[in-house]
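Numbering (this note's numbering), first residue to last: 312 to 464.
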């Protein structure tokens with residue numbers, strides 16, 4: 312059996328194409344693995360606070376115990392951002408160790424996919440603040456937004 316140069320070049324091209332496809336598939340797989348490692352898969356609000364999970368690992372959480380009162384006395388501790396933004400966001404006060412004081416933070420539901428129950432999660436978080444942290448003052452517009460007026464009596 313005699314193999315000519317044309318058959319060898321076709322064989323080399325096929326091997327190179329297969330090798331290229333394998334390397335490309337590996338790179339795409341690595342990209343998805345890198346992006347999925349620290350991505351929030353689901354968010355849970357329970358009696359301790361709000362928790363962002365990736366599989367079984369907690370990525371980020373805010374507990375009710377971490378919440379602080381507004382450093383400006385007489386102001387609300389839980390409030391909404393100003394209405395000049397496209398959509399108001401829920402704001403709380405947390406202790407910032409680097410600044411050694413409580414600062415205002417926005418409660419973000421950081422997730423890459425669409426959250427169909429995002430308002431319900433935030434409503435349950437505010438309801439938890441009402442139940443577990445009755446010492447904190449919640450702005451009336453927060454209670455109106457999440458229809459929690461009856462819980463603040």
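In this text, a Cβ means the ideal position worked out from N, Cα and C, and glycines have one as well.
On a CA-only basis, which of 391, 354, 407 is nearest residue 451? Give me that one, please.
The residue given as residue 451 occupies position 140 in the chain shown. Residue 391 is the option with its Cα nearest to residue 451.
Taking the beta strand (DSSP E) that residue 403 belongs to, which residues open and close that run?
Reading the chain shown from its first residue, position 92 is the one you call residue 403. It spans 401-407 - the beta strand (DSSP E) in which residue 403 sits, taken as one unbroken run.
For residue 370, the first and last residue of its enclosing alpha helix (DSSP H):
Counting from 1 along the chain shown, the entry for residue 370 is found at position 59. From DSSP, residue 370 is part of no alpha helix (DSSP H) but of the beta strand (DSSP E) over 368-374.
Would residue 448 and residue 388 qualify as a contact pair, given that the criterion is a beta-carbon distance under 9 Å?
On the chain shown, position 137 is the one that residue 448 refers to. On the chain shown, position 77 is the one that residue 388 refers to. Yes, Cβ-Cβ distance for residue 448 and residue 388 is below 9 Å.
Determine the burial state of residue 321: buried for a count of at least 16 other Cβ atoms within 10 Å of its Cβ, exposed for fewer.
To locate residue 321, count along the chain shown from 1; it is residue 10. Per the 10 Å Cβ criterion, exposed.
Taking the beta strand (DSSP E) that residue 360 belongs to, which residues open and close that run?
Here the question's residue 360 lines up with position 49 in the chain shown. Its beta strand (DSSP E) spans residues 360-365.
Would you call residue 354 buried or exposed, if buried means 16 or more other Cβ atoms sit within 10 Å of its Cβ?
Here residue 354 corresponds to residue number 43 of the chain shown, with the count starting at 1. A residue is called buried once 16 or more other Cβ atoms fall within 10 Å of its Cβ, and residue 354 is buried on that count.
Verify whether the separation of the beta carbon atoms of residue 379 and residue 362 is less than 9 Å.
The sequence position of residue 379 within the chain shown is 68, counting from 1. The sequence position of residue 362 within the chain shown is 51, counting from 1. No, these two residues do not count as a Cβ contact at 9 Å.
Just verifying my parser: in three-state terms, what is the DSSP assignment at residue 410?
The sequence position of residue 410 within the chain shown is 99, counting from 1. Under the three-state reduction of DSSP output, residue 410 falls in the coil class, being neither helix nor strand.
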